[in-house]
Structure formats: C-alpha cells, structure tokens
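Peer 1: Next up is a structure, given as structure tokens.
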Amino acid sequence: MKKFYLLFLFTTLMASYCSLADDLNSKRWQFKQALDAFNTGNTEVLQQLSTDLQDYPLYYYLHYQKLKSNLKHVSTSEIQTFIEHYGNSYFGKKLWKRWLFQLAGQSKWNTFLKFYFPTKSVKLQCYHIQAQLVTGRQTNATIKAAKQLWLVDHSQPKVCNFGFNYLYQNSLISEAMIYQRIELIAKKGRFKLINAISTRLTSKTWVQLWYKMHKKPARTLANFAEPDLPITRKIILHGIRRLAKKQFTKANKHWQLLQSKYAFSATQIGELQRDLAIANKKHPMAWLTAINKKYLNEKASMTRIKLALQQQNWIALADFITELPKQQQQTLQWRYWLARAWEQTNKLQEARKIYTELAEQRDYYGFLAADRIGTEHKMQDYPITLTQSQKTKLMQNPNIARAYEFYRLSEIDGKNWLANARREWNYAVNLLSKSSKARAGALASSWGWHHQAIVTVAQAGHYDDLNVRFPLAFYEQLEVGAREQHVDLAWVYGVVRQESAFKNTAYSSAGALGLMQLMPATGRLVAKQIGIKLKNRKNILDVDVNISLGTAYLRQLLDKFDGNYMLATAGYNAGPNRAKRWNAKNSCIPADIWVELIPFKETRKYVSRVLFYTSIFENRLGRKNKLPLRLKLTPSKNCS
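Going by numbering that gives the first Met the number 0, the sequence shown opens with residue 0, and the numbers climb by one from there.
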C-alpha cells in the first residue's frame, strides 16, 4: 500500500509539473503572438490574447510597448497606474524616464515635480532644477545641486543652462569658482570650454596666458615675467608639467629658475618634484627615491616599484613597498613582492612566512607563493547555499520572474530577448542584499545562465563557489576544439573565462566576437587556414565556429612561442608581435617579473588571470597532477 501511495504521489506531482510546464509554454507562445499582433497593428487579436496573459510575468512588457508607442497621447492617469504597478522594474523605470522627458519638453513642471524620482541622468537632474526654479520651489538643496553640476571638468547638456544662468544672474558663482573650474578643465586640455566659461570673468588676461602656456610652454616659460600671484603660480606649474612630458631637461631648468622667483607653497613644490621625477626617463631611480613620502601618489609609487623590479633592485623594492599606504601594503600583490625582495636579500625566514600565508589564498599571487615553496594551489571552494525555499522566494520577486521568462524566450527565439533578460535581471539584483544577490547568482547558474551568474556573485562579493564562478560550460564543444588542436583544455577554459566569462553573444567595443572574443580579421585569416567558410562576421559568433577558430589560433600562438603558455597568452590579448617585442626586451628577468612589467595594464591583468584561471580549471577538470602556474621564459644567450 505504501509503495502504491508513493507511486501515486509521484505520478500526481509529475502530472502537475508537466501541466505547469505546458501552461508556461502556452503562455510564452501566446505572449509572442500578442507581441506580433501589436507590431502588425492587429488590435483585436492583441486584446484577445492579452486577456489571457494578465497573470504572465511579461504581460507588463506588452503594456509598456503600447504606452511607449503612443506616449504623447496617453493620459496622466494611465501612466500613473502603470508606474504604480510596474514602476519598480527596468522597463517600468524606462517608461517613467521617457515620460519625464516628455513633460519637461512640454513645460508641465508641476506634473514633472510630482512624478520625478532621483536618477543618474544629468539631463533629468537639470530639468528637476529648472522645474523647481520655474515653480518657485527652489531650496538651498536646489542651488547646491546646480553648483555641483556646474563645477565639473567637462561641458554639461544644454538643458542645464537654465539652472546655470540662474546661478550667474543671482551672483551665486564667484570669479574664484570660475577659476576653480578653469583649473579642472585645463588639466584636461579643454580650452574651448575654458574660453566659453571665461566670458563671465571681468578680465580674460589670465585665461589667455594659461592658454598660451598650454599651447607653447617652452616659449612662454622662457619669457615669463608676470607678478607673483596664486593664479600665475598655477599657470607656471601647468606649463612645467606640460613641457616635462617632451622636454624634461628644459622643463627642469625653467623650474629651478622660476622656483626661486615665485612663492610656491610646500605642497606645490613637493607635488611638482614628484611629477618631474616620474617624467625624468634618464636617471629615474635617484629622482624617484628622493620623492618626499608626503607627496607620493599611486602613479609615483607604481613607477618606483616597477623600476626596482626591472632592475631587480630588491633592497629598493622592499623600501618602496613599505612606503605604500598601510592598507595597500596588505594586498596579496605587494605582500608577494615584499616576500620576493626578502627572499633575494637573504631574509629567508620572513619571506617563507609570507609565502606560507599567501599560499592559503586562491589568487594569482597566492598560487605564485605556493609555487615558491612547492605546495599545492588551494582552491578554497565553498558553495553557496540555495535551498528550495530560497529558490521559491527569489522566483517570487517579480523582476527575477520577468528576467527568467525573457531568458527562456531567448533560448527559444534568439538573443534579443537575452538583452531584455539581462536588463531586468540587473535591475532586480541591484535591489537585493549581498546574501540574496549571491543566492540569485547560484539560481542563474542552475538555469545555465553562466555569464550572468558569474557577474552576479562577483557583485555580491562572493568569490568562493567555484561551480558558479568557473563552470565547465560548453564542455563538449571546448573539449573537441582543444583535442583537435592539441591544446590544453584547462588553458582554453582559462582563456574563455577571461575573454567572455561564457557569454557566447559577447561583442566588445573593439569588435571582438563570441566566447573566445575573436577579432573579425583574425577569425577570417584562421578560418581560411583551417578550411572553414565564413559568410559574414556574424558566423564567428556561432559557438562551434568560434571555438574551432579560437582553439586553432591558440595552437598557432603556442607554435610561434615554442610551447610557452605565458607568451602565447600575452599574444592572444595584445597580438603576437607585441608579445615578441616584450620578450626580446625583458627575456633576462624572472617570469613573474616579466608579467608584472607588461606595459599594457589590460594585458598584464589578462595574462595573470588566464594563467590563474587555468590552474583552477585543472582542478575543476579533476586533474590529479597539479602543475605550477605556467610562467616561463627562456633566457637570451646574452643574459649574464
């Protein structure tokens, strides 16, 4: 009887589940039909289908499309009703913003103020200020907001001029504030904007001199004979910094002369001497060492450290690291390099203590430290807890339910829906607590939406669920590609994880495409070499094609660099010719320093992450023989 009851219960549950799934599939089909009816103007079919969709999560999207298409003729009450029901969603907020812009364009300021909400849109912020001024509702906060929008180093949208003119007309912007903004803008070299702002000054003499100094610093400094005023000192400093970038020696001579004639503050002197030390390319170590600690900044500190690494000046390196801000000294990066410096200066016990502590961390520098002392890389894998009740609670969040439906539609009907899924998902998770956000990431991972899961858990600050952060997604395709090209699957995974984080529709601003982020020109060349016909560059987005081309290109780079994974990885990101030049320049230094000295910040991060990720994927793939990070250089014959 008990077995019969369990079988009956199981059958009933399965029937309910299938019924629910069928109902959802039916609703998805109806939704697509309704949207088609809307796009073709078939109002009768739209009305009929919409009636059955009112409990479907994406019903609001039909409503949004209808209101958006006829916004000028929609009543305030209709918009208000929509906002009350759906204002707390991505498309609800989007329609709300559109309506606010329309109200501003129609000068319906009272209604605008009634429905305005805080936003990052500078235009809407400026309209909000205008609405308050026009209706006489301005407060001290209004004036403060207007001043903050005005005091920036760039131009603002024209709609902001109403508020700015109010400030000018009521003498709320002083000449001192104008010069403060001019100084900000001058640092960016935007002198057309300076000319526009300077019309508010009683005299343009100093602005004209500043412009002259910016355009012709050498000539202007050589003939400088202006009175000693705060403004002239700023102009001199601008010129010295500008000239030092191209003609350091001449800039330094002018500085030595003018420093004795003008009453520069201790801060101005300290900061300029720091900037000259950075600009000096001939004898930088002495100059960089002499920088007053009080005026060290990020750029100066990194310049000093990188030079010490390049020269393998371990004593100077240790000194420079200990002069970093205390919090920065505690980062894994600089603790590793301090240990390296101590190791090289025979402070072996101190070095090993740091290496041992770092080796417990799942991090590039933690793995480097483990390799220094010959221990395994620690994975520190702590899965996110996601119970069925927590899943249910997340799915009761209307925005997550909408994102899920958009995502499922994308699997059926293409990537346009995926963009909507991502928008609604991002809106939803931004409103969650960190713990709920982490669980949402695990939920997205369970759907197979790996890219969004990776992004979400990172936003939550939860980095320890390796199944979510380093999934074995697209395994069959990647395994075939790696096997056919005889490249390491873990390395291929490392490249994919860094390039696209498993977003197969990825399209970078530079034009790189797909999972392995191939540039169209590279894709076409490799396709020709391995016999794949491409009709157009969109073919490169196809997962199978993308992997075939990407793994073939990795094979070519490995061959070019004699099997060196580090150099091949650098070549994949920055191009093989750059990697070859960097190798020729720095082939006599240890490989960990070589990575640290890669000139491009993007490539420097790229190489360290790919090699770090490769080790993680070795673990994920169940490799028993743990390998060190694949940092390797073959020293030149000329190395002493």
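Using N, Cα and C, we set each Cβ at its ideal position, and we do this for glycine too.
Decide if ALA185 is buried, meaning its Cβ has at least 16 other Cβ atoms within 10 Å, or exposed.
Peer 2: buried
Peer 1: Apart from the five residues just before and just after TRP205, which ones in its own chain have a Cβ nearer than 6 Å to its Cβ?
Peer 2: Excluding sequence positions up to five before and after TRP205, its CB lies within less than 6 Å of the CB of ILE230, all in the same chain and listed in chain order.
Peer 1: Excluding sequence positions up to five away, which residues of its chain have a Cβ less than 8 Å from the Cβ of SER49?
Peer 2: ALA33, TYR58, LEU61
Peer 1: Drop a sphere of 10 angstroms on the beta-carbon of THR10, count the other beta-carbons inside from all chains shown, and report buried for 16 or more, exposed for fewer.
Peer 2: Unreliable placement is indicated for THR10, whose pLDDT of 39 sits below 50; no coordinate value is reported for it.
Peer 1: Terminal residues of the continuous alpha helix (DSSP H) containing VAL606?
Peer 2: 600-619
Peer 1: Taking the CB atoms as reference points, tell me whether ASP543 and GLN476 lie closer together than 8 Å.
Peer 2: Going by C-beta atoms, ASP543 is nearer than 8 Å to GLN476.
Peer 1: Rank ARG401, LEU430, SER432, LYS436 by C-alpha distance to the C-alpha of ASN419 and give the top, closest one.
Peer 2: Checked all of ARG401, LEU430, SER432, LYS436; the closest Cα to ASN419 is ARG401.
Peer 1: Measuring alpha carbon to alpha carbon, tell me which residue in ALA145, VAL428, THR521 is nearest VAL456.
Peer 2: Checking every option, the nearest Cα to that of VAL456 belongs to VAL428.
Peer 1: Rounded to whole angstroms, what is the Cα-Cα separation between GLN329 and LEU488?
Peer 2: 34 Å
Peer 1: Which residues does DSSP pair with TYR506 in a beta bridge?
Peer 2: DSSP output for TYR506 lists LEU512 as bridge partner(s).
Peer 1: Output yes or no for whether 8 Å exceeds the beta carbon distance between ALA573 and PHE599.
Peer 2: yes
Peer 1: Taking 8 Å as the cut-off, decide whether the C-beta atoms of ILE314 and LEU337 are in contact.
Peer 2: no
Peer 1: Leaving out five residues before and five after ILE597 in sequence, what residues of the same chain have Cβ atoms less than 7 Å from its Cβ?
Peer 2: ALA569, TRP581, ARG603, VAL606
Peer 1: Check whether the segment 87-97 touches the segment 114-122, taking contact to mean three or more Cβ pairs, one atom from each stretch, closer than 8 Å.
Peer 2: yes
Peer 1: Whose C-beta lies closer than 8 Å to the C-beta of PHE7 among residues of the same chain, with five residues either side of it excluded?
Peer 2: Here PHE7 scores only 36 on pLDDT, less than 50, and its place in the model should not be relied on; the value that follows carries that caveat. Hits under 8 Å: none found.
Peer 1: For THR288, tell me which candidate among LEU632, ARG273, LYS281 has the shortest Cα-Cα distance.
Peer 2: ARG273
Peer 1: Give me the Cβ distance between ASN517 and ILE539, rounded to the nearest whole Å; I'm assuming they're in contact under 8 Å.
Peer 2: A quick correction: the sequence has Leu, not Asn, at residue 517. Going by Cβ atoms, the distance from LEU517 to ILE539 rounds to 6 Å, so yes, they are a contact pair.
Peer 1: If LEU553 sits next to VAL491, beta carbons under 8 Å apart, how far is it from one beta carbon to the other, in whole angstroms?
Peer 2: 7 Å
Peer 1: For LEU488, does the three-state DSSP call read helix, strand or coil?
Peer 2: helix
Peer 1: Reducing DSSP to helix, strand and coil, say where LEU517 ends up.
Peer 2: Secondary structure at LEU517: strand, using DSSP grouped into helix, strand and coil.
Peer 1: Nearest-angstrom Cα distance between TYR462 and PHE163?
Peer 2: 46 Å
Peer 1: I need the straight-line Cα distance from LEU628 to CYS587, nearest angstrom please.
Peer 2: 19 Å
Peer 1: Would you be able to state if there are at least three C-beta pairs under 8 Å between the segment 379-390 and the segment 431-441?
Peer 2: Touching, yes.
Peer 1: Run through DSSP, which three-state label would THR118 get?
Peer 2: coil
Peer 1: Under the assumption that TRP254 contacts ILE239 (Cβ atoms under 8 Å), give the Cβ distance between them as a whole number of angstroms.
Peer 2: 5 Å
Peer 1: In three-state terms, what does DSSP make of PRO634?
Peer 2: coil
Peer 1: State the DSSP-derived secondary structure class of GLN64, mapped to helix, strand or coil.
Peer 2: helix
Peer 1: Go ahead and label TYR564 buried or exposed: buried means 16 or more other beta carbons lie within 10 angstroms of its beta carbon, across all protein chains shown.
Peer 2: Its Cβ being crowded by 16 or more others within 10 Å, TYR564 is buried.
Peer 1: Under 8 Å between the Cβ atoms of ALA144 and TYR126?
Peer 2: no
Peer 1: Any idea what DSSP makes of HIS72, helix, strand or coil?
Peer 2: helix
Peer 1: Quick one, are the C-beta atoms of GLU322 and TYR294 less than 8 Å apart?
Peer 2: no
Peer 1: On the three-pair Cβ rule with 8 Å, is the segment 120-140 touching the segment 104-111?
Peer 2: Yes: at least three Cβ pairs fall under 8 Å.
Peer 1: Could one say the Cβ of VAL542 lies closer than 8 Å to chain C's Cβ atoms, at least one of them?
Peer 2: You won't find chain C in this structure, because it holds only one protein chain.
Peer 1: Can you tell me whether DSSP reads CYS587 as helix, strand or coil?
Peer 2: Looking at CYS587 - three-state DSSP - the assignment turns out to be coil, as it is neither helix nor strand.
Peer 1: If contacts are defined as beta-carbon pairs under 8 Å, then ALA224 and LEU242 qualify, I think. What distance do you get, rounded to the angstrom?
Peer 2: No, ALA224 and LEU242 are not in contact; Cβ-Cβ is about 17 Å, not under 8 Å.
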